[in-house]
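Have a look at the structure below, then the notes.
Number of protein chains: 2
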Amino acid sequence: MDIDLSPLADYLAEDDLDGYLIDDDSSDADQRYISGFSAPDAYQTLVTPDGAVHLLVSGLEYGRAVKDADADTVTRTADYDAQALATEHGRYEGGLRVTSRFLADHGVESIAVPRNFPTGTADGLREHGLEVTVESEDIVSDIRAVKHDAEIEHIHTAQRANQQAMAVAETMIATADIDADGTLVYEGEPLTSERVTQEIEITLLRHGCSLDETIVACGEHGADPHDRGSGPLEANELIVIDIFPQDKETKYNGDMTRTFCRGEPTDEMVRRYERTYEAFEAALETVEAGVTGKAVHDAVCDVYEDAGYATLRSDPSTDTGFIHSTGHGIGLDVHEAPSVSPVGDELEAGHVITIEPGLYDPAVGGVRIEDLVVVTEDAYENLTDYPIALEPSARVETE
Amino acid sequence: MDIDLSPLADYLAEDDLDGYLIDDDSSDADQRYISGFSAPDAYQTLVTPDGAVHLLVSGLEYGRAVKDADADTVTRTADYDAQALATEHGRYEGGLRVTSRFLADHGVESIAVPRNFPTGTADGLREHGLEVTVESEDIVSDIRAVKHDAEIEHIHTAQRANQQAMAVAETMIATADIDADGTLVYEGEPLTSERVTQEIEITLLRHGCSLDETIVACGEHGADPHDRGSGPLEANELIVIDIFPQDKETKYNGDMTRTFCRGEPTDEMVRRYERTYEAFEAALETVEAGVTGKAVHDAVCDVYEDAGYATLRSDPSTDTGFIHSTGHGIGLDVHEAPSVSPVGDELEAGHVITIEPGLYDPAVGGVRIEDLVVVTEDAYENLTDYPIALEPSARVETE
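Going down the list, the protein sequences come from chains A and B.
For the first sequence, my numbering assigns the number 855 to the initial residue and increments by one for each residue that follows.
For the second sequence, my numbering assigns the number 855 to the initial residue and increments by one for each residue that follows.
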């Protein structure tokens, strides 16, 4: 993938800085994006004002870095006497000296670093005479926010796996029995959040994806947007399922939420579902390049407030109603730029964002509907192809 | 769990600092350990010289933090006008002002921070008049390295799940057919690293564990300790399987490696396996409180060098032979203190470490044997109960 680092190179040239340095492992999405490299150990990525990318890696990573990375040069720490320096000065100070030598080798005396750059490294390099400035304009985030076709395809692939997992989860809920207490029963056992989560994860694994967390939250659990859910699932209650898998190979993410009610939802549950679907459609109708994330978020608030529900816009201290943002960018991170919220700037073609309005109240439960879309010049392309219905259906064959 | 933060409190008192601040999410093991709290969003943990722990969390996390965290106080960002400050000054500068108010509220004017503390926050707080010093003595790592009984039990639980997964993987290799080309064939398909990895992961999920990566590396792949492996598994080749699962609930990790050869290993393969087993036993015999990690590592180097294999001790530039450390501490991180390597300090009772010698050569493949042990006053307790044999056996029933 031919990424365009010219905004970063321009910034370095304008501010008369010699380089932009990342010191992390490939769990840092910026580093993975710029280096095109994935390694369990920490490594360092330097971008110079000519737009070139230079990696500093351990001997264990060197061969793979030369082969796999999108870098102009790859140097191993041993070339700067890493082991001798660590023995003489200790591991951390030794490492700082190796970095200093690497930077000197590339003629770098002043660097910009990301906000999350380790303070230990920044202060240590300063003691070695380097000038270290925090880059505070989110340049790399903005570069990453606009996706290449290959990235959109990676996200789409993760979202397709997501659809398979959602279908398994929905089918378990749709086909469960209901016992005398109203608890869902599956294969003779009470159907729990944990059981559904496990089947979601196994389905994702079989489709090349993994996830750290997933949400299968029933009733009061679903009224807290950050509650992952636990315990038995009940009929006549709202069940929120939010799945955000990561493709194990590409590391790009998908994200989708559906809300189900097995049995008889109350009128208020149905009303909340309908208003949420309306807010979801209003948001989507607003999406196009040039519109702000704030405008999309406002479209959701308009629908909810018109229906009499609180939002953080109408009441910043509310803990019921619509109490989160409308959406977020997604890519190598589940949450990345752009923001679809009160502080959301202009959307651009190629942004990939979630649209996920929701309503929460411990007395009723939670409702959230979420799709994943690519912003286009005049609207959007939906990367999600999954039915939206409160009543669960059997969508896959069960054994 | 009643953790002992007195070394950190003593350091603050001695250096006349008002607090120790972490600014991360619960993927930061230090923060998770000190706060006893897990949240997807970033939050902040302050330790004051009296040993008290104070959390600053978003409104979405507040309820759970009050309920779950091991903290003396929990404050929500809204109490410091987070939203108004973000609107007025932007999200990042607004956040800095919230942190400044939180620190001022606790009478804190000077802080120590971990090395990985974000430079953006450190420099921003400095601009607001805070004195920020990097804590460079690894105090929190050292506290975490000595495990409480509950932590050892969490690690043991993850290691038991690991054993189930290893048994599934070993059984697949043991029971596979061998086609005319020497490729292993399982259920009619070539048996690949990816297929074995998938079954390992599914088994771990069913035992409450997950993992980011696992290694199933055959032949030349196994000769690179960081290669995860890919493609078909072959008879008469060495297959390295290294599994490091994380318990999804407790977040503690297990770690184990076994090496198998289906079919006929060469004499050199067998020799390498036997010397590695000898090195493994020599290392274990050395382990006890008061012995250094370096001494344990030297015991491994002695065996290998006596047998004529290169080590990084005998040849710092070698890329074949024994080319990594003997082991590492494990807990909330897969790799944490103490180090069992040339720079390994004294082991203490309660340290949990891996012992994992190995030999690597692209012409032969890789061999590694790894168990997980608790250091005791006079030896160790092995948390691993899994056979060590080059020839794979069927250890679980297959369908």
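In this text, a Cβ means the ideal position worked out from N, Cα and C, and glycines have one as well.
Computed from a predicted structure; not experimentally measured.
- Taking C-beta separations shorter than 6 Å and ignoring five residues to either side along the sequence, the partners of B/S1247 in its chain run A1028, following chain order.
- For B/Y1106, no beta strand (DSSP E) segment is defined, and its DSSP state is neither H nor E.
- Contacts with chain A at 8 Å (Cβ-Cβ) do not include B/A1191.
- Secondary structure note for B/A1133: its alpha helix (DSSP H) is the uninterrupted segment D1121 to T1140.
- If you ignore the 5 residues before and after B/H982, its C-beta comes within less than 8 Å of the C-beta of L950, R951 and S954, all in its own chain and listed in chain order.
- A distance of 8 Å or more separates the beta carbons of A/L1244 and A/T1051.
- The beta-carbon distance between B/V962 and B/V986, rounded to whole angstroms, is 11 Å. This is too long to meet the 8 Å contact definition.
- Under the 8 Å criterion on CB atoms, A/H1080 is classed as interfacial with respect to chain B.
- Note that the segment 1192-1207 of chain A touches the segment 1162-1179 of chain A; at least 3 beta-carbon pairs, one per stretch, sit closer than 8 Å.
- In this structure, DSSP gives A/I1184 a state outside helix and strand, which the three-state scheme calls coil.
- At a cut-off of 8 Å between beta-carbon atoms, A/R1222 makes no contact with chain B.
- B/A1019 has a beta carbon lying at 8 Å or more from every beta carbon in chain A.
- Here A/C1155 carries a helix assignment [DSSP, helix/strand/coil].
- Within the segment 961-988 of chain A, V967, P968, R969, N970, F971, P972, T973, G974, T975, A976, D977, G978, V986, T987 and V988 place their CB atoms closer than 9 Å to a CB of chain B, listed in sequence order.
- Boundaries of the alpha helix (DSSP H) around B/H943: A936 to H943.
- For B/C1115, DSSP assigns no beta-bridge partner whatsoever.
- Of the candidates A/T1046, A/E1159 and A/D1187, the residue whose Cα lies closest to the Cα of A/T1174 is A/E1159.
- For A/A919, the enclosing alpha helix (DSSP H) has its first and last residue at G913 to D922.
- Within the segment 928-949 of chain A, the residues whose Cβ lies closer than 9 Å to any Cβ of chain B are, in chain order, A932, Q937, A938, A940, T941, G944, R945, Y946 and E947.
- When Cβ-Cβ separations below 8 Å define contact, B/L909 makes no contact with chain A.
- At a C-beta separation below 8 Å, A/Q1052 has these neighbours in chain B: L1059 and R1060.
- The beta carbon of B/Y1040 is closer than 8 Å to those of M1026, T1029, A1030, D1031 and R1049 in its chain, skipping five residues each way along the sequence.
- The Cβ atoms of B/T1208 and B/I1184 sit closer than 8 Å to each other.
- When the five nearest sequence neighbours on each side are left out, the beta carbons in the same chain lying within less than 7 Å of the beta carbon of B/E915 are those of A893, D895 and Y897, in order along the chain.
- For A/H1205, the three-state secondary structure derived from DSSP is strand.
- For B/V1197, the chain A residues whose Cβ falls inside 9 Å of its Cβ are A940, T941, G944 and R945, in order along the chain.
- Straight-line measurement puts the Cα of A/V1188 at about 21 Å from the Cα of A/E1142.
- The residues S1047, V1050, T1051, G1083 and I1095, in chain order, have a CB closer than 6 Å to that of B/V1070 in the same chain once the five nearest residues on each side in sequence are set aside.
- As computed with DSSP, A/H1189 is found in no beta bridge at all.
- Here B/D877 is bridged, per DSSP, to B/Q898.
- Beta bridge pairing from DSSP links B/F956 with no other residue.
- Within 8 Å of the CB of B/D1173, the CB atoms of chain A belong to G913, in sequence order along the chain.
- Around the CB of A/E1043, fewer than 16 other CB atoms lie within 10 Å, so the residue is classed as exposed.
- Remark: C-beta atoms of A/H1008 and A/H960 do not approach each other more closely than 8 Å.
- Here the alpha carbons of B/A863 and A/G1147 stand approximately 45 Å from one another.
- The three-state secondary structure of B/G974, taken from DSSP, is helix.
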